[in-house]
Amino acid sequence: MLAAADAATWRERDAELISPAYHMYSDLVVESAEGAHLHTVDGRDVLDFGCGIGVTNLGHRHPAVVAAVHEQVDLLWHTSVTAYHPKMIEAAAALVSIMPPSLDQVFFTNSGAEAVEGAIKLARRATGRSDIIAFVGAFHGRTYGALSLTASKATYRRGMGPLLPGIHHIRYPYCFRYCTHADDDICELVERELQLLFATTTAPETVAAIVVEPVQGEGGYVVPPATFIPMLRRVCDEHGIMLIADEVQSGFARTGKMFAVNHARVEPDIMCLAKALGNGMPIAAFTSGHRVMSAFREGEHGTTYGGNAVACAAVVAVIETMTRDHIPERAERLGRHVMERARGWQVDIKSLADVRGLGLMIGLEFMQGDAPATRLVDRISRNALARGLLILSCGIDGNVIRLIPPLTIPESELDAGLDILEAAMREEAA
Ligand SMILES: Cc1ncc(COP(=O)(O)O)c(C=O)c1O
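Right, dumping it as structure tokens:
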């Protein structure tokens, strides 16, 4: 056992023992957490507007999830495929109850990347086709299949190739940065890119799936035009292509509806879920309709830990709590409040070039003239942390602050965090 130590000593030990691959957003050393608060080993109380990267949507150690996990720990932890267990079936039933109606079967995995891997395999198996279309700016994870779809930073891919063949990237409708059409014109970029790809690179009948984040996460909290997801659905239907929605970051009430695809009233063929599904317990899933899922014959896909009983107990508690406490509606309401305040800041903070969001998944993009203001975002983040607020950046240029506080945060704490952010911005962006 290592002796208790101060934060600096823990960081030194970390540097010795833990792979340097991890990119750390802060130097906090956290010992415990509750709701929207992180408590550090050196006695700091920090407001958490990052939720462990979009995971603790119900806040750290939500009492209902804690109780469900405690109860399950004393009953059963693990069977894998050696035996059925009720919690996994309960968790699947809970999940199916909130999914778009046509998605009624579940495969539990351990991480978002693993859910994406399963979804790719399922789409290939179900269609008998090989190719996959993904988007520039996408993040789908770091395992080889998922990494082959990920295109939000070249760093993730450098020196890792060759990646999976048969993957094609087209542009995401990131209109603020990359389109020239008028604000109220329909964005035709992606449909044109798709038609070009089909005409020049891969015939549509060779494409198994289009994989999309309904709101792009790591790529910059990019909210696409409302026509985008319905257009993808139409193109997929026309060519027998599966639409895979990666809701790993946008799912579970974050955008003001249980899933971001609900805004477009579109049902994907396969959906990938993780992060807030277990509110911090490591569990993920991909879901589809029976017909698609039965393309997997017995033994063709599997996992040891997926569907772990303790993690499944957390899933049931998360879904019951989100439904009972109307968490999507709360996210929508709090999100409107944050957007209003942030749009107010734009009046005199000129580098705050774009404020966008759905529900409480909000991005603030900073520019200096035509250049992404990456260093400014770093300075604002450090300034905010010194004042007691943890915020995370994102975006292909790292110039977007993402605001993803817990959806359960009391309004006074939400405003206290926004006050800190405003003070940090005014000091650094002046
Ligand atoms: C949209 C999306 N998909 C997949 C992943 C990968 O999830 P994990 O880190 O659990 O493998 C992430 C992680 O940030 C994500 O944001």
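The working numbering runs 675 ahead of the 1-based position in the sequence shown.
We put the beta carbon where it would ideally sit given N, CA and C, even for glycine.
Pairwise C-alpha distance: residue 686 and residue 718: 16 Å
Between the CA atoms of residue 877 and residue 952 - distance to the nearest angstrom: Roughly 35 Å separates the two Cα atoms.
Where residue 1069 sits in the DSSP three-state scheme: strand
Contact the region 808-827 vs the region 844-854: 3+ CB pairs below 8 Å: Output reads yes: the region 844-854 touches the region 808-827.
beta-carbon residue 796 near ligand 1 non-hydrogen atom, thresh 8 Å: no
CA nearest to the CA of residue 960, picked from 712, 787 and 774: 787
Between the CA atoms of residue 750 and residue 985 - distance to the nearest angstrom: Roughly 9 Å separates the two Cα atoms.
Distance cut-off 8 Å: residue 1025 Cβ against heavy atoms of ligand 1: no
Within the region 1032-1094, ranges of the beta strand (DSSP E) (whole runs, at least 3 residues): 1036-1043, 1067-1069 and 1075-1078
Supposed contact pair residue 783 and residue 981 - C-beta distance, whole angstroms, cut 8 Å: Going by Cβ atoms, the distance from residue 981 to residue 783 rounds to 4 Å, so yes, they are a contact pair.
Between the CA atoms of residue 1080 and residue 1089 - distance to the nearest angstrom: 8 Å
Residue environment, residue 979, which counts as buried when at least 16 other CB atoms sit within 10 Å: exposed
Euclidean distance between Cα positions of residue 864 and residue 1028: Looking at the two C-alpha atoms, the distance is approximately 22 Å.
Alpha-carbon to alpha-carbon, residue 754 and residue 850: Going from the Cα of residue 850 to the Cα of residue 754 covers about 48 Å.
Residue 947: CB within 8 Å of a non-hydrogen atom of ligand 1: yes
Validate contact between the region 1049-1059 and the region 880-887 using beta carbons, cut 8 Å, 3 pairs: no
Proximity of residue 780 and residue 791 at Cβ, strictly below 9 Å: no
Spatial distance of residue 940 from residue 679 (CA atoms): 52 Å
Through-space distance from residue 925 to residue 1003, alpha-carbon basis: 12 Å
Beta strand (DSSP E) runs wholly inside the region 839-889, at least 3 long, in chain order: Runs of the beta strand (DSSP E) inside the region 839-889: 842-845 and 882-887.
Contact test: residue 910 Cβ vs ligand 1 heavy atom, cutoff 8 Å: no
Per-residue DSSP class, three states only, for residue 944: Residue 944 falls in the coil class under three-state DSSP.
Presumed contact (8 Å Cβ cut-off) between residue 994 and residue 773, rounded CB distance: About 6 Å separates the two Cβ atoms, so the contact holds.
7 Å Cβ shell around residue 949 - same chain, five flanking residues per side excluded: 786, 787, 790, 923 and 959
Pairwise C-alpha distance: residue 720 and residue 918: 43 Å
Assigned secondary structure, residue 780 (DSSP; H/G/I helix, E/B strand, else coil): strand
Cβ pair residue 1044, residue 1070 closer than 9 Å: no
Through-space distance from residue 1007 to residue 1067, alpha-carbon basis: 21 Å
Start and end residues, alpha helix (DSSP H) containing residue 706: That residue, residue 706, is in no alpha helix (DSSP H); its beta strand (DSSP E) goes 705-709.
Inter-residue Cα distance where the pair is residue 803 and residue 823: 19 Å
DSSP three-state assignment for residue 723, whether helix, strand or coil: In this structure, DSSP gives residue 723 an extended state, which the three-state scheme calls strand.
Neighbour-count burial assignment, residue 829, 16 or more Cβ in a 10 Å radius: exposed
Bridge partners - residue 956, DSSP secondary structure assignment: 954
Residue 1133: CB within 8 Å of a non-hydrogen atom of ligand 1: Because the chain in this structure spans residues 676 to 1105, residue 1133 falls outside the shown range and cannot be described.
Cβ pair residue 887, residue 869 closer than 9 Å: no
Distance cut-off 8 Å: residue 1037 Cβ against heavy atoms of ligand 1: no
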